[in-house]
Amino acid sequence: MKRNTIAKTLTIAAVTVLALGVAPTAKADDKGCSNVLMQGTFAYTGTGSINPPSPAAGPFVEVGTQTFDGKGGTTFAATASQNGNIRQMTGTGTYTVNPDCTGTMTLQVSPTRAVQIFFVIADGGNEFHAIETDPGLVITRIARRLFPGRAI
Numbered sequence: 317m318k319r320n321t322i323a324k325t326l327t328i329a330a331v332t333v334l335a336l337g338v339a340p341t342a343k344a345d346d347k348g349c350s351n352v353l354m355q356g357t358f359a360y361t362g363t364g365s366i367n368p369p370s371p372a373a374g375p376f377v378e379v380g381t382q383t384f385d386g387k388g389g390t391t392f393a394a395t396a397s398q399n400g401n402i403r404q405m406t407g408t409g410t411y412t413v414n415p416d417c418t419g420t421m422t423l424q425v426s427p428t429r430a431v432q433i434f435f436v437i438a439d440g441g442n443e444f445h446a447i448e449t450d451p452g453l454v455i456t457r458i459a460r461r462l463f464p465g466r467a468i
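According to the working numbering, the sequence shown is numbered sequentially starting from 317.
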């Protein structure tokens, strides 16, 4: 009886050690993010402010769509309110997704201005959260895939 209990305890301990050793590896391997994961169109909202000394200093909000080609290219179209002045914006850019599901993008927002953005992919690629990283910009974005699970 005692020998049987010891054998069961050792078996449970061995299975537990094996499971704990494999689980973190499987989780890291599951990430596997790449540019392809972003392929499709997202609706997004950006909010924040542009700080002095910029002549455009003040509150900033935008709503738009952004399309990713799965190969590192992106386009966007948005309506923005910059310090209360409404304007339409369109542009192109590039992006890179890292294996850990973070990434960076550069968006050409005017002929003479590009913004740098850091983002994190969420919800299996159906969402991303971003922050503009240029000095003087305090703008965050939340984007959600249009029609998740359906090819666009």
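Virtual Cβ for every residue (Gly too), placed ideally from N, Cα, C.
Note that this is a predicted model, so its numbers are computed, not measured.
DSSP places Pro375 inside the beta strand (DSSP E), whose first and last residues are 374 to 384. In the three-state DSSP reduction, Gly388 falls in the coil class, being neither helix nor strand. The secondary-structure analysis by DSSP pairs Leu462 with nothing; it has no beta-bridge partner.
By the criterion of a C-beta distance shorter than 6 Å, Phe435 is surrounded in its chain by Gly419, Phe444, Ala446, once the five residues flanking it on both sides are discounted. Note that the stretch 457 to 467 touches the stretch 354 to 364; at least 3 beta-carbon pairs, one per stretch, sit closer than 8 Å. Note that the C-beta distance between Ala430 and Gln398 is not below 8 Å. Here Thr408 has Thr391, Gln424 as same chain residues with Cβ atoms under 6 Å from its own Cβ, once five neighbours each way along the sequence are excluded.
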